[in-house]
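**Q** Provided herewith is a single structure, encoded as structure tokens, for subsequent inquiry.
Numbering (my numbering), first residue to last: 388 to 604.
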């Protein structure tokens with residue numbers, strides 16, 4: 388008799404239990420030797436490539452790469468990203484990587500993370516009722532904007548688009564940004580160097596042409 392497939396067994400678990408089981412399995416894989424080696428190799432290669440491009444920029448006298456990550460920090464970020472991809476919880480990953488530093492009172496902001504439309508309307512209703520009890524005659528949108536700006540230090544558009552409302556496209560874009568961002572940085576750095584070389588060659592050609600004309604005269 389063949390053994391049971393562990394993944395098939397996980398699929399039979401109820402919702403919350405299934406999520407916890409997947410998280411436990413993912414953590415075991417990520418934090419194990421294989422996951423540690425893989426994320427370490429990727430982080431090391433990214434950093435090596437970024438440093439090589441940065442050295443090239445220094446030699447050419449063009450601007451340096453904005454930021455080269457720390458190896459251990461990048462390893463942990465990659466592990467967190469894999470866990471988020473497996474669990475389908477990119478919003479929480481973004482919040483812990485970016486939102487906590489961007490927002491005032493981040494733990495309060497977490498309560499609004501990835502709400503559906505009805506949940507967000509309910510939260511807005513609560514805010515409006517609270518303001519009305521305090522005598523406010525402002526419009527609904529003004530009340531929400533005032534609360535978000537005072538509480539979290541960002542405008543309503545940013546808060547709704549980055550905290551409350553997470554579309555599938557947005558989740559894919561965030562995953563792509565954190566997975567491929569350093570390689571994109573290398574590509575951009577190479578393009579900057581290429582443009583600098585092209586500019587130098589154009590100047591050299593122009594000076595040579597001017598010299599030829601002067602000699603001819």
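In this text, a Cβ means the ideal position worked out from N, Cα and C, and glycines have one as well.
Quick caveat: nothing in here was measured; it's all calculated off a predicted structure.
Mark residue 568 as exposed unless 16 or more other C-beta atoms lie within 10 angstroms of its C-beta, in which case mark it buried.
**A** Burial call: exposed.
**Q** Residue 554 by DSSP, collapsed to three states: which one?
**A** Three-state result, residue 554: coil.
**Q** Tell whether a beta-carbon distance below 8 Å holds between residue 572 and residue 452.
**A** Yes.
**Q** Candidates 538, 537, 511 and 540: which alpha carbon is nearest residue 526's?
**A** Comparing Cα-Cα distances from residue 526 to each of 538, 537, 511 and 540, the minimum goes to 511.
**Q** In whole angstroms, what is the alpha-carbon distance linking residue 435 and residue 458?
**A** Distance between the alpha carbons of residue 435 and residue 458: 10 Å.
**Q** Suppose you measure from the CA of residue 427 to the CA of residue 455; what does that come to, to the nearest Å?
**A** About 15 Å.
**Q** Does the beta-carbon distance from residue 429 to residue 470 come in below 8 Å?
**A** Contact: no.
**Q** Does the stretch 484–491 come into contact with the stretch 536–553, if we say contact requires no fewer than three beta-carbon pairs (one atom in each stretch) closer than 8 Å?
**A** Counting Cβ pairs under 8 Å, three or more are found: they touch.
**Q** Counting along the chain, where does the alpha helix (DSSP H) carrying residue 527 start and finish?
**A** Unbroken alpha helix (DSSP H) run through residue 527: 527–539.
**Q** With C-beta atoms as the reference, is residue 535 less than 8 Å away from residue 546?
**A** Against a cut-off of 8 Å, the Cβ pair of residue 546 and residue 535 comes out as a contact.
**Q** Considering only residues of the same chain and omitting the five flanking positions on each side of residue 561, which have a CB-CB separation below 8 Å?
**A** 477, 480 and 481, listed in sequence order.
**Q** Alpha carbon to alpha carbon, what distance is there between residue 518 and residue 565?
**A** The straight-line gap from Cα to Cα measures roughly 39 Å.
**Q** What's the C-alpha gap between residue 440 and residue 515?
**A** Residue 440 and residue 515: Cα-Cα distance of roughly 52 Å.
**Q** For residue 607, is the classification buried or exposed, using 16 other Cβ atoms within 10 angstroms of its Cβ as the cut-off for buried?
**A** Past the edges of the chain, shown from 388 to 604, lies residue 607, and the structure says nothing about it.
**Q** By the three-class DSSP mapping on this structure, what secondary structure does residue 416 have?
**A** Residue state, collapsed to three classes: helix.
**Q** Starting from residue 484 and walking both ways along the alpha helix (DSSP H), at which residues does that stretch end?
**A** Unbroken run through residue 484: none, as it is neither H nor E.
**Q** Sort 584, 466 and 528 by Cα distance to residue 446 and report the nearest one.
**A** Among 584, 466 and 528, the Cα nearest to that of residue 446 is on 584.
**Q** Measure the alpha-carbon distance for residue 437 versus residue 577 and round it to whole angstroms.
**A** Approximately 10 Å, taken between the alpha carbons.
**Q** For the alpha helix (DSSP H) containing residue 504, list its first residue and its last residue.
**A** 504–520 is the span of the alpha helix (DSSP H), which, as asked, contains residue 504.
**Q** To the nearest angstrom, how far is it from the Cα of residue 472 to the Cα of residue 494?
**A** Roughly 23 Å separates the two Cα atoms.
**Q** If you compare alpha carbons, which of 424, 433, 425 and 415 is closest to residue 574?
**A** Cα-wise, what sits closest to residue 574 is 433.
**Q** With 16 as the cutoff for other CB atoms within 10 Å, does residue 558 come out buried or exposed?
**A** With 16 or more other Cβ atoms within 10 Å, it is buried.
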